[in-house]
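Protein chains in written order, with numbering that gives the first Met the number 0: chain A, 0 to 369; chain B, 0 to 299.
Positions of the beta carbon are idealized from the N, C-alpha and C atoms, including for glycine.
Remember, it's a predicted structure, so these values are computed and weren't measured experimentally.
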Amino acid sequence: MNGNIYHNRKAQWVAYVAVFVLLALVPTVFDNPFTLNQLARYSVFALLAVSVSLIWGFGGILSLGQGIAFGLASYGMGMTMQMQFQNPEYDPIPSFMLTNELETLPLLWEPFLSTPVGLILTILVPTGFFVIFGILMFQARVAGVFVAIMTLAMLAAWYSMAYDMQPFTAGFNGISPPLPLQIFGGEVDPYSPLAYWICVGVLATLTLATKALLHTKFGLIVQAIRDDAERARFLGYNVAYYQVVVFAISGFLAAWAGLCWVMIVQYVSPTSMEIAFSISMVVWAAVGGRASLLGAIIGAFMVNGIQSYLGDELQQVWMLILGAIFIGVVLFLPRGIAGLLELILSKVPFGRGPSGAQWSAETGTEEKAS
Amino acid sequence: MSVHDFWTPFSLLPFLNALIIGISLASIWLIAALGLAIIYGTMGVINMAHGELIMLGAYTTYVFQSLVGVPFLICLPLAFFVVAAIGWVIERGVIRTLYTRPLDTLLATWGLSLILIQSVRLIFGGEPQYVGVPSWLNFQIDASFVHLSGLRLFIVLMAIILVTLTWYILYRTTLGIRVRAVMQDKEMAASFGIDANRVYSLTFAYGAGLAGAAGAMFGALKTLFPDMGSAYVVEAFLVVVVGGIGLIGSVFSSALLGELNSVFSYFTNDTFARFVLFTLVVVFLRFRPQGIISEGMGRR
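Next up, the structure:
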C-alpha cells in the first residue's frame, strides 16, 4: 500500500522517539550550562511551534494569538515563583508592589501563595481562556483571516493590559523571581541538566500525546474540518466543538511552554505577549512544516539555532535573512522542511509491495498523482 | 492604587475635548486604514506590511525634506508616488503568486515587513529622525473646550480630502468601475475584457501610495523609527474589519473606534482604553463578522 516511508506510521513514531532520545542524551555530551540553558529555551520554542502546527497545520486555523496562552502562563509561573520567595508572615508583598504604593497583596495574587495551586492555575487559566475565546469565535463560524485578526487584536489587548497594570504585573520591567523554582523539597536550577530534562520531557510528552491524538477519530475529524469545514458540517459533525477543543489544546501546549520558559529564564515581562513573538512562532512552524509536529520542532530549533550562531556582525542583517527565508518558504516551500523531506523520500522505494521491482518503478507516479 | 486614581469622574468641558481628540484620532486611523481597506476590499489580501509602507512614506518625506529641501506640502504627493511604486513592485513580486492562498499572503507580507524594517534600519540607522512641521501649521486652537494643534486639524482635513479623492476614483472614473467590477466578480469582469491582474497591481499600488501619504503626515506628528509602522497596523486592521465593505464602512468604523478609544481614555487611561476597545472589537466581530456595512456581497 504505502510507497513513501514518510507516510508509514511506524517509521514516523520511530523518528519522533529517536529525536527525543537524542535530545535527552545531550547533557551527557555537553556539560556547558549555557548551552544546556539555550537548548532548553529552544525546546520551549519548539513546543510553541508544535502548538502552532496543531492549530494551523492540522486544525486549519491560523492563530496569531498563541502568545496569549504563553504570556498568561508565563505570568502565572512568574507569580508562583515570586511568591515562593515571599514570606506570608512578615514579608508577603513583592517589592515592586510596594514601590507602586500597594499596601496589601492583591486578591489576584493570593492563590499563588500556594505553589501547587499556582502551578495548576498557570496551566488552567490560559487553557480556560482559550476555551472561552474559542467558543466566542467558532460558535459564530468565524474563519480564515478573521480568526487571525481577532486573535491578533486579543493579543494586543492582553499586551497592553500586562503593560498597564503596573501594580499587579510590574509593567514594562516585568517580574524577576529572585529564586529558582522550589519544588518537592529541592530547587530547579535553570542551568542544570534537570531543568533541561524537564523542558525536553514536557516537549516529548506533549508532542507524542498530540501525535497520538491526531491518529484517533477525533484527530481525523479535525483534519477533515481543515480540508472542508462545510462538508464536515453537512456530514453531521459539530464543527465548532472540534475547533474549540483543538484551539484549547493548542492553548494548553502554549501554556506549558510559558511555564517551562519562566522556569529556565526566571523572568517574565510583557514581551512574552508581543505581536512579533507570536508571529515568530508561526514562522518556526512554517519553516519546519506546519503539517508535521516534528517538522515544527525542527523548524524552531533551526531558526533559533541559526539566529544564535550567526555572530554579532550578521545579527545586523538577521531580520533581512529571516524575512527572506520566510517569503521563500511561503512562496516556494509551503509545506516547509517536512514537505521537502516527504518529496525526497517519495523518490526512495519503500515497502513490501506485491513484487518489489514493479513497485519502485510505479511509486513515483503514484505519489505525484495523489 | 485606588479606584479614584484610576477612574476620572465625568465633567462636561474636558469630556467635550476628549470627543474632539477622538475626531483627531479617528482621522489618523482612517488615513492609516484607507490603503489597507482598498487593498483588502478589492483583493482580499491582508497586507501585514502596511505599517511598514507607512514607515516608508515617513522616511521618504524625511529624505525629501531634510536632504533635498522640498517643502512639506510637496512631500505628500512625492511620498504617495514613491511608496506606490514600491507597492507596485511588491504586488508583482510577491503578492501576485498568492491570490489563492490568503493566509499565506498574510505571512509573506509579514516576512516583507521584516525586510523593510531592517533595510531602513541599515540605511538610516536606528536612531530617531524627524520631519519638520511647516511654520504655517504651527498654531494651536484654544477656544473654551477645544484644544487642537494645527497639524492635527490638517490631518482631519487631509482625511476628508483623501476619502473624497478615493471615492471619486472608485465611483466616478472608468478605472473605478473596473476596480469595482473585479471586486464583485473577478471571472465575470475578466470575461468582459478587464485586465484583472492590471487592476490588482494598480489597486495595490494605490493602497500603498495612500499608506505613503499617511506616513508623510505621521512623520510630522511623531518621531521616525524603522519600526514605527507597528504602532498603526493593529488599529488599521480593526478599522477595516469592523468597517466591513466599502469606504463608508471604514469612515464609520474609524469614527466609532476613535471616539470610543478617546472616551475610554478619558475615563481611565490610554493603555486600558486599548484593552477595552480591542476586547469590544473581538466581541463585536463575533456577532457581526461582516462588519458595520455589508452590501450583501460575498466576502472573500
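query: What in chain B is Cβ-close to A/Gln315, meaning under 9 Å?; result: Gln117, Arg120 and Leu121
query: Could you please tell me which residues of the segment 154 to 171 of chain A, in chain order, have their CB closer than 7 Å to any CB of chain B?; result: Ala155, Ala156, Ser159, Met160, Tyr162, Asp163 and Pro166
query: Does A/Ala285 get closer than 8 Å to chain B when you measure Cβ to Cβ?; result: yes
query: With H, G and I counted as helix, E and B as strand and the rest as coil, what does DSSP make of B/Asp103?; result: helix
query: Mind checking A/Ser52: buried by the 16 CB within 10 Å criterion, or exposed?; result: buried
query: Counting contacts by CB-CB distance shorter than 8 Å, is B/Pro288 in contact with chain A?; result: yes
query: So the beta strand (DSSP E) A/Glu186 belongs to, where does it begin and stop?; result: Gly185 to Val187
query: Are the beta-carbon atoms of B/Leu136 and A/Val141 separated by less than 8 Å?; result: no
query: Out of B/Tyr231, B/Met227 and B/Ala180, which one is the CA nearest neighbour of B/Pro127?; result: B/Met227
query: On the DSSP letters alone, give me the boundaries of the alpha helix (DSSP H) that B/Ala212 sits inside.; result: Ala195 to Leu220
query: B/Phe277 CB to nearest chain A CB: under 8 Å?; result: yes
query: Quick one: is A/Gln83 buried, meaning 16 or more other Cβ sit within 10 Å of its Cβ, or exposed?; result: buried
query: Out of curiosity, what's the CA-to-CA distance linking A/Gly322 and B/Ile94?; result: 15 Å
query: Counting pairs of Cβ atoms below 8 Å between the segment 78 to 95 of chain A and the segment 36 to 50 of chain A, do you hit three or more?; result: no
query: If we cut at 8 Å on Cβ distances, does A/Pro91 have a partner in chain B?; result: no
query: Flag B/Pro101 as yes if its beta-carbon sits less than 8 Å from any beta-carbon of chain A, otherwise no.; result: yes
query: Whose C-alpha, out of A/Leu202, A/Arg40 and A/Pro115, is nearest the C-alpha of A/Gly184?; result: A/Pro115
query: Please return the same chain residues whose Cβ sits closer than 6 Å to the Cβ of B/Phe71, not counting the five positions on each side in sequence.; result: Pro133
query: If you draw a straight line from the C-alpha of A/Val230 to the C-alpha of B/Ala188, how long is it?; result: The question names Val, but residue 230 of chain A is Arg in the sequence shown. Taking the straight line from one Cα to the other gives about 29 Å.
query: Under 8 Å by Cβ, that's how I've got A/Leu339 and A/Leu332 pegged, so tell me the actual separation to the nearest angstrom.; result: 6 Å
query: Buried or exposed, going by whether 16 or more other CB atoms sit within 10 Å of the CB of A/Val13?; result: exposed
query: Are the beta-carbon atoms belonging to B/Ser253 and B/Ala32 less than 8 Å from one another?; result: yes
query: Assign B/Glu51 to one of two classes, buried (16 or more other C-beta atoms within 10 Å of its C-beta) or exposed (fewer than that).; result: buried
query: So what's A/Gln265 in DSSP terms, helix, strand or just coil?; result: coil
query: Rounded to whole angstroms, what is the Cα-Cα separation between B/Pro55 and B/Gly211?; result: In the sequence under discussion, the amino acid at residue 55 of chain B is Leu, which differs from the Pro named in the question. Each residue's alpha carbon lies about 6 Å from the other.
query: Can you grab the Cα-Cα spacing for the pair B/Val238 / B/Leu29, in whole Å?; result: 7 Å
query: On a Cα-Cα basis, can you pick out the residue from A/Ile220, A/Val124 and A/Thr98 that is closest to A/Pro110?; result: A/Val124
query: Evaluate the contact criterion for the segment 191 to 204 of chain B versus the segment 215 to 226 of chain B: three or more CB pairs, one atom per stretch, below 8 Å.; result: no
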